[in-house]
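J.: Residue numbers (this note's numbering): 131 to 218. The beta carbon of each residue, even a glycine, is placed where N, CA and C say it ideally should be.
Shown next, in the form of structure tokens:
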């Protein structure tokens with residue numbers, strides 16, 4: 131039985147080959163060593179652990195993670211009005 135991390139290159143290649151994404155990387159880490167696998171493009175060079183690439187539109191992700199951390203801490207509720215946090 132395979133797991134999501136048992137063959138990440140094959141998983142990523144499937145999405146690249148069917149056109150879901152133009153290219154990508156999967157990074158997995160454990161204890162704190164990085165384990166990286168993936169492809170930049172189908173038939174391309176393997177992704178290196180020190181590869182640098184642009185990250186687009188990360189503000190939404192970072193904001194979501196920060197908001198969910200505040201929810202965990204009991205500081206914020208997801209259905210509360212936003213006005214106290216973002217006054218006009």
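Round the Cβ separation of residue 154 and residue 141 to the nearest angstrom and send it over; I've been treating them as touching at under 8 Å.
T.: The pair is not a contact, with the Cβ atoms about 10 Å apart (cut-off 8 Å).
J.: Determine the DSSP secondary structure at residue 144, reduced to helix, strand or coil.
T.: In the structure shown, residue 144 sits in a helix (DSSP, three-state: H, G or I).
J.: Leaving out the 5 sequence neighbours to the left and right, which residues in its chain are closer than 6 Å to residue 145 when beta-carbon positions are compared?
T.: Within the same chain, residue 145 has close Cβ partners 151.
J.: Can you name the start and end residues of the alpha helix (DSSP H) that residue 196 belongs to?
T.: Here the alpha helix (DSSP H) through residue 196 covers 188-202.
J.: Please state if the CB of residue 201 and the CB of residue 191 are separated by a distance shorter than 8 Å.
T.: No, the pair does not count as a contact, with Cβ atoms beyond the cut-off.
J.: Within its chain, find whatever has a CB closer than 7 Å to the CB of residue 206; leave out the 5 residues flanking it on each side and keep chain order.
T.: Excluding residues within five positions, the ones whose Cβ falls inside 7 Å are 197, 200.
J.: Would you tell me roughly how many angstroms separate the C-alpha atoms of residue 147 and residue 137, rounded to the nearest one?
T.: Approximately 16 Å, taken between the alpha carbons.
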